[in-house]
Amino acid sequence: MELAKEYLHLAAPVFNIQTYCIHDGPGIRTTVFVKGCPLRCLWCANPESNTSSPQLLTYREKCTGCGICAAACPQKAIHMELEDEKRFAVTDRSLCTSCGACTGKCPSQAREIAGKMTTVQECLDKIMEDKLFLVSSGGGMTISGGEALSHPDFCEALLYACHENGISTAVESCSYGSRDAIDRIYRFVDLALLDIKHMDSAQHKRLTGVPNELILENIQYICHSLGVPVCIRIPVIPGYNSDASNLEATAEFVKNKLKADVPIHLLPYHRLGLSKSESLGQQGADDIEVPDDSFMEKCRAVVESCGVSAKIGG
Amino acid sequence: MNERVKKMKDSLRISKYPLCIELFRLANESLDSTAGEPMITRRAKLHEHILDNITIFIEEDDLICGSGASKPFGMEMQYEYGVWTKDEVEALKSEIYTIDPKDEEELYQLNERFAGNALNSNLVDALSQSLGMNDRMWPFMKSGVILPPWKDRKGGSGGGFAMSGYGLGPGFFLVCIDYERILKEGAKSVIAEAEQCLKNLRYTSGDSIDKQNYWEAVIRVFKAWVRFAGRYADLARQMAAEEKDEGRKKELLEMARICSKVPYEPAETFPEAIQSFWFTFLLACPSPTTTAGRFDQYMYPYYRHDIDAGLLTDDDVLEYLEIMRCKTMKINRVSGKANRAKNSGMAKWYNWTIGGVDKDGNDVTNELSYLLLESARDTQLPHFTITVRVHEKTPEKLMVKALDVVKTGLGMPAFLSDKSYINFFLEGGMSIEDARDYCATGCVDGNIPAKTRSQVVTFFIIAQAFDVFMHNGFCRFTGENVGIPTGDVTQMKTFEEFKDAFFVQFDYLMHMAAERNNVELIAERRLFPDPFRSALMKNGVSCGKDMLDRHFDFENGSLLGAVGGVNTGDSLAAVKTLIFDQKKYTMQELLTALDNNWEGFDEMHSDFINAPKYGNNDDLPDQLVSEVYKFFADTCHRMDTAYDGKVTPNAISISAHQPGGACTGATPDGRRSGEILADASLSPDHGKDHNGPLAVLLSAMKVDQDPYQGTLLNMKFHPSALKTADDEKKLASMIKTYLTNGGKHIQFNVVNRQEMTDAKIHPEEHPELVVRVAGYSAYFTRLSGAIQDEVINRTSFEQV
């Protein structure tokens with residue numbers, strides 16, 4: 001498994017490089033979000049990461065109704081609408097090609113293109129700016145998404161480059177990918193943060209669009225065959241996967257099929273992703289209840305009663 | 001909080017603060033009878049007269065004697081700094097202050113009766129004669145390059161001061177007096193030392209008489225102080241005799257016992273020590289900037305003693321600390337209208353320093369450090385301020401405890417870098433052992449207890465100096481020349497030429513600011529000797545000199561505070577980028593746009609706003625800001641002070657960025673005329689940082705902060721970044737990394753409901769606000785309205 005010679009020039013669609021991330025692994029981290037995901041979770045928090053191609057985001061709260069974007073659009077996909085005596089730019093998504101002509105012109109940063117082909121070198125430069133803080137806090141770099149396994153060449157190179165430069169690495173993944181991609185990526189991963197969204201395959205397919213057999217298999221492979229430290233994450237979605245039987249089944253899987261010391265992180269559902277759906281002109285699931293602290297505590301108690309250590313939050 | 005503290009805290013909610021005239025009356029009575037005597041003698045007699053006669057009282061449930069004014073919550077009108085005229089008093093009454101009608105009437109009579117007495121008018125006279133009447137200085141005094149801009153030749157004292165505390169004013173000097181000596185040796189050791197000095201005195205030198213006067217003054221004041229404590233002992237005994245409640249009677253008798261012992265005798269127990277400390281603290285006030293120094297260090301032996309002997313529990317100690325908090329809340333001050341604008345509200349900085357290292361460099365965090373933090377978290381009272389000294393080995397536990405306080409929204413504690421402060425004192429020639437003993441005085445100004453003193457006289461508005469430079473020495477605020485001609489900027493060929501010419505103007509104006517400082521130092525030395533605080537400096541008795549009349553090992557008499565350095569650096573970056581590098585605009589176009597306050601230059605304005613800005617870890621603006629601060633520091637080090645040292649650079653804006661901005665015209669960083677300047681000294685300009693907290697710190701770390709007495713960096717976090725202990729540990733690591741790699745100070749505000757609501761309405765002003773929930777971060781301003789509301793409702797908690 002040789003890395004490409006010019007590995008620093010490999011590129012992937014990246015939609016965000018976020019600094020001072022405190023919930024994506026130990027310490028302070030810089031998180032690189034790659035775009036493109038094989039799953040379509042109903043509650044997706046980063047819907048702008050679904051496709052690999054660039055996507056236009058619009059922020060209605062910031063729009064001042066000046067109309068500069070409408071004039072700039074080569075597809076004539078933007079028109080102005082009046083609502084509550086305020087003018088807003090409205091984009092016809094069927095015409096929009098996400099070319100970005102409008103975003104640079106917007107004086108109030110109300111329009112943005114998510115996703116830009118970014119090289120390993122560019123990511124590394126950004127990560128290295130914060131090296132002092134990453135290292136001293138016991139943190140590092142995390143690849144999130146989207147899905148890392150969808151960009152094995154790029155992720156492998158980025159992870160390797162981080163190690164070469166003394167930066168610890170983690171990957172947040174749904175584990176839905178090929179064995180080859182896993183082999184290449186995980187040899188440079190210090191911590192795997194792996195999602196299990198549902199233990200029942202049929203439910204999993206209903207909620208995410210894919211069954212879970214491959215996922216559970218890959219997680220065991222990463223944990224046992226590759227020996228990578230693993231942390232299991234359950235996005236707690238009330239009414240979808242938060243019932244005691246699913247939580248217990250997940251805990252049992254961790255205890256029996258992974259290792260006794262693998263912890264479970266329970267990530268409470270939040271609605272912030274809905275904003276992004278709106279910005280993308282999509283309809284998100286807006287009927288999911290946000291779990292409160294006592295609900296999360298109950299979930300934690302269920303997992304811990306199975307003898308697995310659990311923590312609320314990342 | 002226990003019931004007693006809860007009650008005391010509840011009693012703090014009052015709507016009007018009384019202004020008192022007793023101290024003003026007593027001071028003037030004394031001055032009236034001492035005309036012609038040496039100033040040190042007059043001041044000592046005045047102090048004695050106050051301590052012997054001012055009304056005292058013990059409040060319900062209190063365990064520590066001493067309140068700071070003749071009425072509860074009162075502020076005594078001061079005699080040193082301006083007369084309270086009817087006009088000023090009326091203005092106060094329209095705000096949150098009140099005055100007894102009889103007192104008000106008497107005040108005006110006193111004003112007239114003692115018109116020639118008030119030392120205060122001497123200070124104002126001294127300033128106005130040297131600064132207001134001087135044709136060279138007068139245009140400068142009005143210009144807004146330093147604050148406050150004078151409106152008439154009489155100067156900008158802007159009315160009087162009223163404060164709590166029984167010390168001598170005006171108290172603008174920042175010192176940490178030797179509390180430890182009083183606790184360990186008692187006032188009797190000071191009196192005995194002065195008596196011995198008098199006994200040994202031989203009239204063999206020119207200053208023999210001055211020394212005699214000084215020692216007599218010290219004895220007079222310390223004896224009066226002991227009698228003052230005795231008055232509390234008598235009062236407590238008398239109240240005990242009348243008290244029905246047996247529990248309270250016992251408390252009062254114990255207070256009486258303690259007050260008849262300390263401060264004269266050394267303290268032996270924690271209650272004795274805290275009473276002795278409080279009496280000392282009250283005589284170091286009135287000053288809005290009195291420090292308690294390293295309270296957790298010098299109080300620790302008494303804590304240890306009582307805990308080990310089973311006399312007290314941690315809960316008992318916490319109660320004393322919380323009572324001390326409630327009492328500090330009542331130590332207030334108010335100034336005249338003009339000064340109220342400069343330091344908003346009842347600004348005060350009573351600073352307790354915790355943590356840090358000992359003389360050998362070992363961490364000294366102890367149980368009291370934690371209990372002090374707990375007293376703030378538990379009571380949710382903003383005063384006294386707590387400052388945490390941070391070094392490589394500061395326990396994570398202490399940092400997390402401090403952040404527990406931060407996240408309640410109190411805005412403190414602040415965190416200081418041992419490394420940068422120690423370097424500051426080492427560069428000034430102090431020994432490593434002394435340097436390691438520094439504490440925060442004022443808000444973050446470092447001083448070494450009993451060994452250094454400093455005075456912040458004025459703030460220097462760098463952005464205004466830049467504006468004067470842009471107009472070749474002309475001040476747009478006053479419409480007259482204030483600087484020297486440094487050339488027509490439109491004729492400058494290169495950025496280097498432009499920048500160098502700015503530094504010439506900058507240098508010229510800074511030297512005038514130093515002169516203004518000196519005039520005040522000279523006047524204060526002459527007018528305001530203070531035997532009490534002077535005796536509690538290192539060798540303070542034996543040297544035979546007032547502390548303003550001494551040359552200290554680290555001569556730090558005068559500080560000059562830099563304000564608007566970031567706006568200036570950003571302005572230089574915009575000029576370099578858009579005029580000299582890209583040549584998108586000409587200098588003439590820029591001048592025209594600035595003179596029109598950007599009106600009618602929308603696209604150009606947007607380009608200048610979007611030019612590279614400090615706070616994003618972008619080298620161009622960061623290096624220019626860094627150069628501005630380096631030039632400021634180097635220039636200070638070249639300027640003489642009246643106390644035979646060099647000016648020390650300081651960079652704490654307090655709230656001066658507001659009035660400073662109000663004087664300053666439009667600047668090339670895109671700021672409009674009159675708008676506020678960047679806050680603190682190393683915080684990015686408001687809303688100009690887009691790359692997260694680490695980029696801000698990395699920008700600040702490029703500035704050499706060690707030569708500064710203090711720097712400020714304020715950072716805001718959304719409560720979601722501090723939700724769990726794990727979050728706090730990560731923030732603690734960030735703070736420590738900053739403070740051990742060039743940073744000097746950092747403090748945090750937690751975003752509150754109003755700010756989020758404002759961010760919803762004005763997203764352009766809050767681009768940096770990030771919401772963090774498990775595994776997810778989002779810019780607040782990019783959330784939809786409904787979700788924003790949800791975040792506001794779910795995460796905000798109001799300050800209690």
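Protein chains in written order, with the UniProt record's numbering: chain B, 1 to 314; chain U, 1 to 800.
Where a beta carbon is used, it is the ideal one built from N, C-alpha and C, also for glycine.
When DSSP assignments are scanned along the stretch 93-174 of chain U, the uninterrupted stretches of beta strand (DSSP E) that are 3 or more residues long and fall wholly within it turn out to be 97-99, 161-163. CYS439 of chain U carries a strand assignment under DSSP once its states are collapsed to helix, strand and coil. DSSP places ALA45 of chain B in the coil class of the three-state scheme, outside both helix and strand. Among the residues of chain B, those whose CB is under 7 Å from the CB of GLU764 of chain U are SER108, following chain order. Rounded to the nearest angstrom, the gap between the Cα atoms of GLN505 of chain U and GLY483 of chain U is 7 Å. In this structure, U:THR458 is the residue among U:ASN616, U:THR458, U:THR641, U:CYS636 with its C-alpha nearest to the C-alpha of GLY660 of chain U.
Between TYR214 of chain U and GLY544 of chain U, the C-beta spacing is below 8 Å. Between LYS730 of chain U and THR394 of chain U the beta-carbon gap is near 15 Å, outside 8 Å, which marks them as no contact. Shown here, SER417 of chain U sits in a strand according to DSSP, grouped into three states. Residue U:ASP789 holds the alpha-carbon nearest to the alpha-carbon of ASP758 of chain U among U:ILE746, U:PRO101, U:ASP315, U:ASP789.
Those residues of the stretch 105-130 of chain B placed with their C-beta closer than 7 Å to a C-beta in chain U are PRO107, SER108, GLU129, ASP130, ordered along the chain. Of U:ASP644, U:ASP640, U:LYS584, U:ALA574, the smallest CA-CA separation from ASN610 of chain U is found for U:ALA574. Per the coordinates, the alpha-carbon of GLY446 of chain U lies some 5 Å from the alpha-carbon of ALA440 of chain U. Look at the stretch 616-634 of chain U: the residues with a C-beta under 9 Å from a C-beta of chain B are ASN617. Looking at B:ARG187, B:ILE185, B:ASN212, the one whose alpha-carbon comes closest to that of LYS197 of chain B is B:ASN212. The continuous stretches of alpha helix (DSSP H) do not include ALA101 of chain B, and DSSP gives it neither H nor E.
Judged by DSSP in its simplified three-state form, ASN518 of chain U adopts helix. In the DSSP annotation of this structure, the continuous segment of the beta strand (DSSP E) that includes GLY140 of chain B starts and ends at 140-144. DSSP lists no beta-bridge partner residue for PHE631 of chain U. Taking ALA233 of chain U as the centre and dropping the five residues before and after it, the same chain places the C-beta of ALA256, CYS259, SER260 closer than 7 Å to its C-beta, in chain order. The alpha-carbon of ALA192 of chain U is positioned some 22 Å away from that of ARG231 of chain U. For LYS223 of chain U, the closest alpha carbon among the candidates U:GLY355, U:ALA535, U:LYS613 is that of U:ALA535.
For the pair ARG220 of chain U and GLU88 of chain U, the CB atoms are not nearer than the 8 Å cut-off. As the crow flies, the alpha-carbon of ASP530 of chain U is around 7 Å from that of ASP546 of chain U. Neighbours of LEU694 of chain U in chain B, taken as residues at a C-beta separation under 8 Å, are given in chain order as THR19, TYR20, ILE28, GLU129, ASP130, PHE133.
Nearest to LEU57 of chain B by alpha-carbon distance, out of B:SER245, B:GLY139, B:GLU85, B:GLY115, is B:GLY115.
Residue pairing by DSSP puts LYS716 of chain U in a beta bridge opposite U:ASN749. The beta strand (DSSP E) runs lying completely inside the stretch 287-354 of chain U and spanning 3 residues or more are 291-293, 333-335, given in chain order. Residue range 111-114 is occupied by the beta strand (DSSP E) that includes ILE113 of chain B. Between VAL262 of chain B and VAL230 of chain B, the C-beta gap is smaller than 8 Å, which places the two residues in contact.
Cβ proximity to chain U below 9 Å picks out PRO235 from the stretch 234-256 of chain B.
Per the coordinates, the alpha-carbon of ASP286 of chain B lies some 26 Å from the alpha-carbon of GLN18 of chain B. For the stretch 134-160 of chain B, the set of positions with a beta-carbon nearer than 7 Å to some beta-carbon of chain U reads SER136, SER137 in chain order. With contacts defined by Cβ atoms closer than 8 Å, GLY645 of chain U and LEU697 of chain U do not form a contacting pair. Judged by DSSP in its simplified three-state form, MET492 of chain U adopts coil rather than helix or strand. Annotated as distal: ALA450 of chain U and ILE274 of chain U, with beta-carbon spacing of 8 Å or more.
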